[in-house]
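Notes for the one structure printed next.
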Amino acid sequence: MTSANASGSGPMFKRVALIGMGLIGSSISHALRRGGLAGEIVGHARTAETRATALRLGLVTAAYRSATKAVVGADLVILCSPVGVYGAIAAEIGPHLAGGAIVTDVGSVKAAVVRDVAPHMPAGVHFVPGHPIAGTEYSGPESGFATLFDNRWCVLTPPTGTDQAAVQRLRALWEAMGSNVEVMSPEHHDLVLAITSHVPHLIAFNIVNTAAHLERVTDSEVIKFSAGGFRDFTRIAASDPTMWRDVFLNNREAVIEMLGRFAEDLAHLQRAIRFGEGETLYRQFSEAREIRKGVIQAGQDTAAPNFGRADGPAVTGAPTSVEPKR
Ligand code: NAP
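Residue numbers for the sequence shown follow the working numbering, so the first one is 6 and each next one is one higher.
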């Protein structure tokens, strides 16, 4: 385990406990070790399989069945499991947290996390919720990699009255892991992410299922002709169902607000198509195209055509799985 960071000034935290070691937990371990940011990294996972894999990959030096045991003596605890279990985990680990420790998380929703976790934090422990806006459709401890957070945003949403020194320490850690950091309220985070992440995932899940349920188009045609646009939705729709169930159950209001707006705009396009209003369609599509340019200019995606992917072998029409590899 690395014990000094890149500048040689020593690790930023002595003992980091990862509660959950899937895509995000394992990527944090890689990024911490890349920068020499932690003296020691330990972890907790639910299944023996994940604990064994995490040890085999060197993600942690100890993998505990009990979250309580994992947090003993940790000066930084990072919750990296699905948000639906944060409340139960916080209640379990609360009494065992070290005085002065920072507890943070990576959950994709923030107001519900503050609601569920904050009441279990003892006095003297600093709770600073966070969300790295970075991910892939893959899950599990083998899917993580050190560069996941490079040049991506991490949002911190400290509740009012949070110790500013703790916020600054966490900001410095995420920056050392390659991220840009922004601080905002949990409610604002949830509204922004509803439109930039949650609704797009819902649309992807829905369009993939709609296509799969079509009676006059066979399954193999859906796969065979997927390069027409559909396959890009299948990538998003291959994301972890547990994680996304918990996101929608815990960001209801913001998602419903954004879905309302989406439905209105969709109806507007539908009407333009029905009445042959080409100018409306052209204007709307041109505006949308500009957004893509902004994403590229902000360094949030490649400018290479087709996301820079080298297209694979000719499509045969044979049904293929969109299951992510574990
Ligand atoms: P993941 O790869 O599926 O890993 C989840 C981890 O949590 C695994 O170690 C799993 O243990 C553990 N876990 C699952 N259910 C649990 C339970 N009921 N009790 C205790 N532990 C449990 O998930 P992930 O993609 O890393 O997501 C983790 C968190 O990151 C979520 O809160 C998500 O909102 C957030 N996030 C995800 C992304 C993304 O793109 N995936 C991006 C940003 C933030 P086992 O393997 O032993 O089951």
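Beta carbons are placed, not taken as given, at the ideal position from N, Cα and C, and that holds for glycine.
- Within 10 angstroms of the beta-carbon of Y91 lie 16 or more other beta-carbons, which makes it buried.
- For the segment 45-119, the full-length beta strand (DSSP E) segments reaching 3 residues or more read 67-69, 81-84, 107-110 along the chain.
- In terms of CA proximity to K74, L102 leads the group L64, T58, L102.
- Checking the 6 Å criterion, the Cβ of P87 is within range of a heavy atom belonging to the ligand NAP.
- Taking C-beta atoms as the reference points, C159 and V119 fail to come closer than 7 Å.
- Remark: C-beta atoms of V114 and D168 do not approach each other more closely than 7 Å.
- Counting only the Cα atoms, D237 lies some 45 Å from G105.
- Taking the Cβ of G140 as the reference point, at least one heavy atom of the ligand NAP falls within a distance shorter than 6 Å.
- At a cut-off of 6 Å, the beta-carbon of A50 counts as near the ligand NAP: some heavy atom of the ligand is closer than that.
- In this structure, the ligand NAP has a non-hydrogen atom nearer than 6 Å to the beta-carbon of G27.
- Comparing C-alpha distances from P163 to each of A268, G183, G135 shows the shortest one belongs to G135.
- Look at the segment 240-311 and you find these whole runs of alpha helix (DSSP H), each 4 residues long or longer: 246-255, 257-279, 283-302.
- If you check the C-beta of V300 against the ligand NAP, you find no heavy atom less than 6 Å away.
- The beta-bridge partner set that DSSP reports for E187 consists of V160.
- Residue pairing by DSSP places I24 opposite H49, L84 in a beta bridge.
- Rounded to whole angstroms, the separation of the alpha carbons of V65 and H203 is 31 Å.
- In this chain, the alpha helix (DSSP H) harbouring H218 covers 204-218.
- The beta carbon of G304 sits closer than 6 Å to those of N156, all from its chain and outside the five residues before and after it, given in chain order.
- Where I228 is concerned, the enclosing alpha helix (DSSP H) starts and stops at 224-229.
- Of the other Cβ atoms in all chains shown, 16 or more fall within 10 Å of the Cβ of G30; this residue is therefore buried.
- One Cα belongs to I278, the other to L271, and the distance between them is close to 11 Å.
- Taking the C-beta atoms as reference points, A68 is found nearer than 7 Å to G48.
- A Cβ-Cβ distance of about 13 Å is found for the pair V133 and G112, leaving them out of contact under the 8 Å criterion.
- For G135, the uninterrupted beta strand (DSSP E) segment begins and ends at 135-137.
- Note that the C-beta distance between A209 and I241 is below 7 Å.
- Inclusion of A171 and H131 in the CB contact set at 7 Å is warranted, their separation being smaller than that value.
- One Cα belongs to R176, the other to K19, and the distance between them is close to 17 Å.
- Pairing M263 with A308 gives a Cβ-Cβ distance that is not under 7 Å.
- Under a 10 Å Cβ-count criterion, H273 is classified as exposed, with fewer than 16 other Cβ atoms of the shown protein chains found around its own Cβ.
- For H131, the beta-bridge partners assigned by DSSP are I107.
- The C-beta separation of M182 from A36 comes to about 4 Å, placing the pair in contact by the 8 Å criterion.
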